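*Asks:* Let me begin by handing over the structure; questions about it come next.
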Amino acid sequence: MLLVTGVSGALGSLVAERVAGRGDVVLGTRAGLPGTRLVDFDDPSTLPDAFAGIDTLLLISAGYGEDDVVVARHEAALSAAERAGVGHVVYTSLSGDGDHLTYALAHRWTERRLQRSSLDWTILRNGLYAEFLTWIATPDADNRITGPLGDGGLAAVARADLADIAVAVATDPAPHAGRVYELVGDRPLGGVELAEALGATYAPVTLAEARTAVAASGAQAFQVPMLVGTYSAIAHGFLDGSGVKSDLRALLGGREPLDALEVFVAAVRDGAAGA
Numbered sequence: 551m552l553l554v555t556g557v558s559g560a561l562g563s564l565v566a567e568r569v570a571g572r573g574d575v576v577l578g579t580r581a582g583l584p585g586t587r588l589v590d591f592d593d594p595s596t597l598p599d600a601f602a603g604i605d606t607l608l609l610i611s612a613g614y615g616e617d618d619v620v621v622a623r624h625e626a627a628l629s630a631a632e633r634a635g636v637g638h639v640v641y642t643s644l645s646g647d648g649d650h651l652t653y654a655l656a657h658r659w660t661e662r663r664l665q666r667s668s669l670d671w672t673i674l675r676n677g678l679y680a681e682f683l684t685w686i687a688t689p690d691a692d693n694r695i696t697g698p699l700g701d702g703g704l705a706a707v708a709r710a711d712l713a714d715i716a717v718a719v720a721t722d723p724a725p726h727a728g729r730v731y732e733l734v735g736d737r738p739l740g741g742v743e744l745a746e747a748l749g750a751t752y753a754p755v756t757l758a759e760a761r762t763a764v765a766a767s768g769a770q771a772f773q774v775p776m777l778v779g780t781y782s783a784i785a786h787g788f789l790d791g792s793g794v795k796s797d798l799r800a801l802l803g804g805r806e807p808l809d810a811l812e813v814f815v816a817a818v819r820d821g822a823a824g825a
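Its first residue numbered 551, the sequence shown is counted upward by one per residue in the numbering used here.
Spelled out as structure tokens, the structure:
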């Protein structure tokens, strides 16, 4: 039996769609929605029942918090999995070229914790989503992309592709035991290319100006350095895919990855239509 956590999140919801109706898969949410198991990593008392009878756990990263919060969540999950006799954990981590990002630490800690655990494991090092670019590169009211991406680019990957891979690996994990897969896009997308695709202008501000804008946007305190650090890593060429050898195509079964630029444009336009 496979348990998928985090199905109320963006990636988890796509995974849930792909396994809908399967008798060998159960879904977990911290809200305990109908048809799901209650899985609240902030309340470890929910985990013994959630993990009972589970052979494989697809642990979708419980991020969006300070490092100590995220690490505590993942420690609770892995310790509970060990006690419950879960055989294999598939963990959605962060791509290797993301080590310069402020939110890499909790991912790397979790990878180390898995590797020294009693569990079989597989690590899916997901690149940043093409959809994430809408957070940092959507044109403003004057049709300008002002995010400070410099002359760098992001080897973004479509969230749907990562969901397909997560399902393929988690529903047949044995061939992937002990593997760390890098899943980044084929080509980097920079500010100029993103602007051209939308008929916008690329007019990047400075990192300091971006920090002020993010802080004023209502972002939580920990999110400010996360976003600014991501801008800086892209601008300085650390997330263009050149630092890793991607396993994306191989794990997609040979099919072409979705075009990240097309995914970004569609996401921006969908957001504008819903505004």
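The beta-carbon is built from N, C-alpha and C at its ideal position, and this holds for glycine as well.
None of these values were measured; they are calculated from a predicted model.
Distance check for E746 and D592, CA to CA, integer angstroms please.
*Replies:* Those two C-alpha atoms are separated by around 43 angstroms.
*Asks:* Sort R694, P725 and L674 by Cα distance to V755 and report the nearest one.
*Replies:* Out of R694, P725 and L674, R694 has the C-alpha closest to the C-alpha of V755.
*Asks:* Within 8 angstroms, do at least three Cβ pairs link the region 607–622 to the region 651–669?
*Replies:* Verdict: yes, contact present.
*Asks:* Note down, in chain order, each residue of its chain lying with its Cβ closer than 6 angstroms to the Cβ of I673, except the 5 sequence neighbours on either side.
*Replies:* Excluding residues within five positions, the ones whose Cβ falls inside 6 angstroms are Y641, S643, E661 and V730.
*Asks:* Quick check on DSSP: helix, strand or coil for Y679?
*Replies:* In this structure, Y679 counts as strand in the three-state DSSP scheme.
*Asks:* Could you tell me the alpha carbon to alpha carbon distance between L748 and L704, rounded to whole angstroms?
*Replies:* Using only the alpha carbons, I get a separation of about 17 angstroms.
*Asks:* Report the residue from I715, L733 and L699 whose alpha carbon sits nearest the alpha carbon of L608.
*Replies:* Per the Cα distances, I715.
*Asks:* Are the beta-carbon atoms belonging to V557 and S563 less than 8 angstroms from one another?
*Replies:* Contact flag set, yes.
*Asks:* Per DSSP, what kind of secondary structure is G824 in: helix, strand or coil?
*Replies:* Confidence is the limiting factor: at G824 the pLDDT is only 45, short of 50, which leaves the residue's position unreliable, though a coordinate-based value still follows. Of the three classes helix, strand and coil, the one that applies to G824 here is helix, per DSSP.
*Asks:* Straight-line CA distance for P594 to D692?
*Replies:* Distance between the alpha carbons of P594 and D692 is about 48 angstroms.
*Asks:* For A810, which residues from the same chain have a beta carbon less than 7 angstroms from its beta carbon, with the 5 sequence-adjacent residues on both sides left out?
*Replies:* A680, A706, V707, A708, G735 and L739.
*Asks:* Closest by CA to V576, which one among A753, E567, R587 and T696?
*Replies:* V576 has its Cα closest to that of R587, out of A753, E567, R587 and T696.
*Asks:* Mind checking S645: buried by the 16 CB within 10 Å criterion, or exposed?
*Replies:* When all chains shown are included, S645 counts as buried.
*Asks:* Kindly give me the distance between the Cβ atoms of A634 and I604, rounded to whole angstroms, as I take these residues to be in contact under 8 angstroms.
*Replies:* Rounded, the Cβ-Cβ distance is 7 angstroms, consistent with contact.
*Asks:* In chain order, what residues of the same chain lie with their CB nearer than 7 angstroms to the CB of R675, ignoring the 5 residues before and after it?
*Replies:* S643, L644, S645, G646, V730, Y731, E732 and L733.
*Asks:* At what residue ranges does the region 727–761 contain a whole run of the alpha helix (DSSP H), taking only runs of 4 or more?
*Replies:* As far as the region 727–761 is concerned, its whole alpha helix (DSSP H) runs of at least 4 residues are 741–748.
*Asks:* Closest to E632 by CA distance: which of W671, A724, I686 and P725 is it?
*Replies:* It is W671.
*Asks:* Using C-beta distances below 6 angstroms, list every residue in its chain close to F772, excluding the 5 sequence neighbours before and after it, in chain order.
*Replies:* Here the set comprises E616.
*Asks:* Taking the alpha-carbon of D737 as reference, which of A763, V717, A713 and G787 has the nearest alpha-carbon?
*Replies:* Checking the sequence shown, residue 737 turns out to be Arg, not Asp. For R737, the nearest C-alpha among the options comes from G787.
*Asks:* For the alpha helix (DSSP H) containing T586, list its first residue and its last residue.
*Replies:* Taken as a continuous stretch (DSSP letters only), T586 belongs to no alpha helix (DSSP H), as it is neither H nor E.
*Asks:* Enumerated in chain order, which unbroken segments of the beta strand (DSSP E) with a length of 3 residues or greater are wholly contained in the region 666–726?
*Replies:* Here the runs fully enclosed are 670–676.
*Asks:* I'd like the span of the beta strand (DSSP E) that includes V554, first residue to last.
*Replies:* It spans L552 to V554 - the beta strand (DSSP E) in which V554 sits, taken as one unbroken run.
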